[in-house]
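Here the working numbering runs 22 ahead of the position in the sequence shown, where the first position is 1. Glycine residues also receive a C-beta, built at the ideal position from the N, C-alpha and C atoms.
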Amino acid sequence: MDFFPIFLKLQEAPCLVVGGGEVALRKVRLLQAAGARLTVVAPQLAPELAGMADAGALTWREGVFEADMAAGQRLVVAATNQREVNRAVSDAAQALGIPVNVVDDPELSTYITPAIVDRSPLVIAVSTGGGVPVLARLVRARLESLIPAGFGQLARFAAGFRDRVKARFGEVEARRAFWESVLEGPLAEAVMNGDESMARQDMERRLAEADDRPSGAVYLVGAGPGNPDLLTFRALRLMQQADAVLFDNLVAPELLELVRRDAERIHVGKSRANHTLPQEDINLLMVRLAKEGRRVLRLKGGDPFTFGRGGEEIETLAEHGVPFEVVPGITSANGAASYAGIPLTHRDHAQSVTFVTGHKKDGSISLDWPALTRPDQTVVVYMGLTMAGELCEAFIHNGKPADTPAAVVEWATTARQRTVVGTLSTLPALISAYDVASPALIIIGSVVSLAGKLSWYRRIENEPVTIAVPDAASAPTGNQGRV
Ligand code: SAH
């Protein structure tokens, strides 16, 4: 270890920054965040620093650095672009035994500032000993994505109970079990969601009953349209905490890979007609598992509240007093639109977009036709593939021009995505000709004419229609604007 890591207390401590430019400004901000009393020495100040000096947030000593200015300082930072000045600052501080940092110059520094992830009071510092700061920043970026924004709140909340927990659970082991059950359970999630009053009540109850059992909860999580890169940070984190996961056919195997290895995996269904478990049984299974103290992940394709029956599932949970949380996901319409290069709204084509489901009542498709056939809008149909023929016919029958562009997007956002583009009159035949299978979405409206033009998908030449498939040469990691 070339440098010894410590965290310094700087509240009200006098600190000196030499230099008045952008680099100095960054250091000033950091030191201010730690509560230091700052003096800045420089002939001129960058506007923002000048503003701080005017507001009394720092003291400006106008002019050049002189050795006696280091006296009495707790920390000294040299942030000028002149090496002689920086060296003089370093010499002066070292002569007085004061820690000094010269920005980007480990040789002249007696301490270095790490890259930090700040979830105060939780702070993570990363250093490569000044050798490869870019690497430290890359590590920091990874940590930023792993550590939830609410961890600071959680740390403050937990610290507030520290003494009482210590008094209640004398044994170190019991204390650890207690904190683990708290920090990895629904109570912690509630704090991070800003619901501290409920968490406080739960904490009081646990302390009163010396309860260190894990508490169960259900997380209804949107897994997005299939591409694992489109998960949210929150979804991923909950997936890695779960004790049991309930998933259905729409959840891609690549996504299940990301669930904690030793979580129990329960397949609950459903292809269109073949329901593996009736909805009611799924709901009750979740209740039972959560009551056993397990953290249950209900993983849903797309978004749980968009044609996902999320509403029904949480109703049952609420009736049984099971804590739950809903995590939104990218719905397949949004995924398909981006990855097929079909903007759902567009100044020249559509001022609104409607999501509907191909749903039959009394043998015919029951939809609000006058609304759906109005011009200047886009309609996206979920679960419409098997009735595509009747659907397109109904659009035409209700007044939508037969040559309105229409597309079907199969396995949207995944490496298997195909987009077939036609019109209301040709789409049904194209769907059978190309053997389009579920999951697939139908998009109707003049925005569809932009398909392909705005995506990296390759058009197959000499086809009577546009059928676009992922171009193997340009890795399908997103819609990157290549044609
Ligand atoms: N809650 C989901 C929708 C569930 S309904 C969401 O927000 O996306 C199931 C329907 O979603 C399927 O019939 C299909 O129309 C659509 N769908 C889901 N994933 C899809 C995908 N990757 N590509 C195309 N359509 C998809």
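Cβ-based neighbour list, residue i, same chain, cut-off 6 Å, excluding 5 preceding and 5 following
i, result
"residue 172", "214"
"residue 358", "431, 434, 463"
"residue 28", "none"
"residue 234", "199, 200, 203"
The beta strand (DSSP E) enclosing residue i, as first and last residue numbers
i, result
"residue 244", "239-244"
"residue 377", "374-379"
"residue 18", "The structure shown does not extend to residue 18, since the chain is modelled only from 23 to 505, so the question has no answer here."
"residue 181", "Residue 181 -> not in any beta strand (DSSP E); alpha helix (DSSP H) instead, spanning 173-181."
"residue 419", "Careful: residue 419 lies outside any beta strand (DSSP E), inside the alpha helix (DSSP H) at 410-419."
"residue 255", "Careful: residue 255 lies outside any beta strand (DSSP E), inside the alpha helix (DSSP H) at 255-261."
"residue 399", "399-404"
"residue 465", "462-466"
"residue 36", "36-40"
"residue 429", "427-432"
"residue 144", "144-148"
"residue 444", "440-445"
"residue 349", "346-349"
beta-carbon residue i near ligand 1 non-hydrogen atom, thresh 8 Å
i, result
"residue 250", "no"
"residue 82", "no"
"residue 326", "yes"
"residue 405", "yes"
"residue 205", "no"
"residue 458", "no"
"residue 275", "no"
"residue 322", "yes"
"residue 272", "yes"
"residue 432", "yes"
"residue 437", "no"
"residue 354", "yes"
"residue 463", "yes"
"residue 351", "yes"
"residue 410", "no"
"residue 172", "no"
Residue closest to residue i, alpha-carbon to alpha-carbon, out of the options
i, options, result
"residue 397", "467, 331, 30, 87", "467"
"residue 66", "281, 84, 212, 59", "84"
"residue 105", "121, 91, 94, 127", "127"
"residue 151", "145, 167, 132, 289", "132"
"residue 405", "350, 417, 426, 461", "461"
"residue 375", "119, 390, 402, 437", "402"
"residue 226", "184, 391, 193, 255", "184"
"residue 367", "352, 339, 353, 399", "399"
"residue 75", "195, 60, 144", "60"
"residue 236", "264, 146, 385, 80", "264"
"residue 49", "469, 336, 125, 331", "125"
"residue 193", "216, 161, 169, 232", "232"
"residue 130", "143, 140, 116", "116"
"residue 39", "348, 102, 134, 256", "102"
"residue 119", "137, 93, 139", "93"
"residue 270", "234, 34, 319, 29", "319"
First and last residue of the uninterrupted alpha helix (DSSP H) at residue i
i, result
"residue 49", "44-55"
"residue 140", "No alpha helix (DSSP H) holds residue 140; the beta strand (DSSP E) holding it covers 137-141."
"residue 534", "Outside the displayed range of the chain (23 to 505) lies residue 534, so it cannot be described from this structure."
"residue 200", "194-205"
"residue 229", "218-231"
"residue 158", "155-168"
"residue 187", "184-190"
"residue 6", "No answer is possible for residue 6: the residues shown for the chain start at 23 and end at 505."
Nonlocal neighbours in the same chain, by C-beta distance under 7 Å from residue i, ignoring five residues either side
i, result
"residue 273", "245, 321, 323"
"residue 424", "418, 445, 446, 447"
"residue 25", "134, 149, 151"
Nonlocal neighbours in the same chain, by C-beta distance under 8 Å from residue i, ignoring five residues either side
i, result
"residue 187", "197, 200, 201, 229"
"residue 32", "53, 56, 57, 58, 96, 97"
**Asked** Can you list the beta strand (DSSP E) stretches of 3 or more residues lying completely in the stretch 64-114, in chain order?
**Response** 81-84, 97-100
**Prompt:** What are the complete beta strand (DSSP E) segments, minimum 3 residues, inside the stretch 265-338?
**Reply:** 266-269, 286-289, 317-322
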